[in-house]
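Some notes on the structure that comes next.
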Amino acid sequence: MNAKLTGNNKENGVSRRRVVAGVAWSLPVIATAIAAPAAAASGISATTALVGQASPITFLSSTGTGTGTNQPGTGPTGFQIQNAGAPFTGVITGTVNIKPTGSVTAGAGIQSMSTATLTPASPAYTAAFEYNATFVYAGGMTSGQNLNFPMTFQYQRLNGSPSKTTFNYTLTITLRLPDGTDRILTGALTVAY
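In our numbering, the protein residues as written are 528 to 720.
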């Protein structure tokens with residue numbers, strides 16, 4: 528423990544200077560090796576967007592009974608994915624949540640979604656008039672492709688349905704791409720009764 532250290536102390540032919548110099552030269556190599564996997568695994572280069580936000584749309588009746596039962600409103604007409612990078616294969620999955628903002632007495636949901644398989648096929652609502660669904664698209668995408676998902680909406684038709692009022696909802700669509708990354712879209716829906 529009382530060994531005397533000097534700048535020229537050598538054990539087995541290795542000096543402290545050589546060790547320090549070796550560490551100094553290897554740091555850039557180690558830093559490059561650590562950064563390379565992150566750059567190589569940067570993921571799918573895809574962007575997403577709602578199409579036609581706040582467009583005039585028609586909400587179909589959940590019971591589908593008779594003419595004149597549809598309600599006017601506003602919301603997106605669909606969403607799209609644009610692949611700006613390399614082609615990719617694999618399944619694109621997603622979730623949809625439509626939640627009331629404020630007090631409502633009926634829900635709003637997705638009637639159909641072209642291009643993807645929607646589950647449940649018929650909208651179901653919680654006691655708080657919230658709608659949740661999942662969807663799957665199994666086709667992959669080519670480089671530069673725009674993939675559109677048109678949607679139609681419905682309102683929850685109940686006995687004693689509201690009249691002369693407007694209900695508002697938030698729309699959240701979460702997409703999970705084949706590389707495990709998520710894209711989240713948010714918008715709004717209104718239904719006029």
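Each residue gets a CB set at the ideal place from its N, CA and C atoms; glycine is no exception.
Around T620, the same chain offers V663, R703 as residues with beta carbons nearer than 6 Å, after the five sequence neighbours per side are excluded. Following the DSSP letters along the chain, one finds K691 in no beta strand (DSSP E), marked with neither H nor E.
When DSSP states are grouped into helix, strand and coil, S582 belongs to the strand group.
In the DSSP assignment, N624 falls within the unbroken beta strand (DSSP E) covering 619-628. Taking a C-beta distance under 8 Å as the contact criterion, T679 and A719 do not qualify as a contact pair. DSSP places D709 in the uninterrupted beta strand (DSSP E) bounded by 709-719.
Excluding the 5 residues flanking it on each side, G570 has same chain C-beta neighbours closer than 6 Å at D706, T708, in chain order. Selection N675, P614, T585 evaluated against T642 yields N675 as nearest (Cα-Cα).
Taking the CA atoms as reference points, L577 sits about 33 Å from G687. Here A635 really is in contact with Y682; their C-beta atoms are around 5 Å apart, less than 8 Å. If you compare the alpha carbons of T646, L645, T699 with that of T628, the shortest gap goes to T699. Between P614 and T669, the alpha-carbon positions lie close to 4 Å from each other. When beta bridges are read from the DSSP output, L587 appears opposite Q681. If you draw a straight line from the Cα of S639 to the Cα of T697, it is about 18 Å long. Per the coordinates, the alpha-carbon of S649 lies some 16 Å from the alpha-carbon of A633.
With fewer than 16 other Cβ atoms from the protein chains shown falling within 10 Å of its own Cβ, V618 counts as exposed. Taking the C-beta atoms as reference points, T574 is found no nearer than 8 Å to T701. The Cβ atoms of P599 and S582 do not sit closer than 8 Å to each other. For Q607 and I637, the gap between their C-alpha atoms comes out near 16 Å.
Secondary structure at P599: strand, using DSSP grouped into helix, strand and coil. Looking only at S589, T616, N624, T585, the smallest Cα-Cα distance to I711 is reached by N624.
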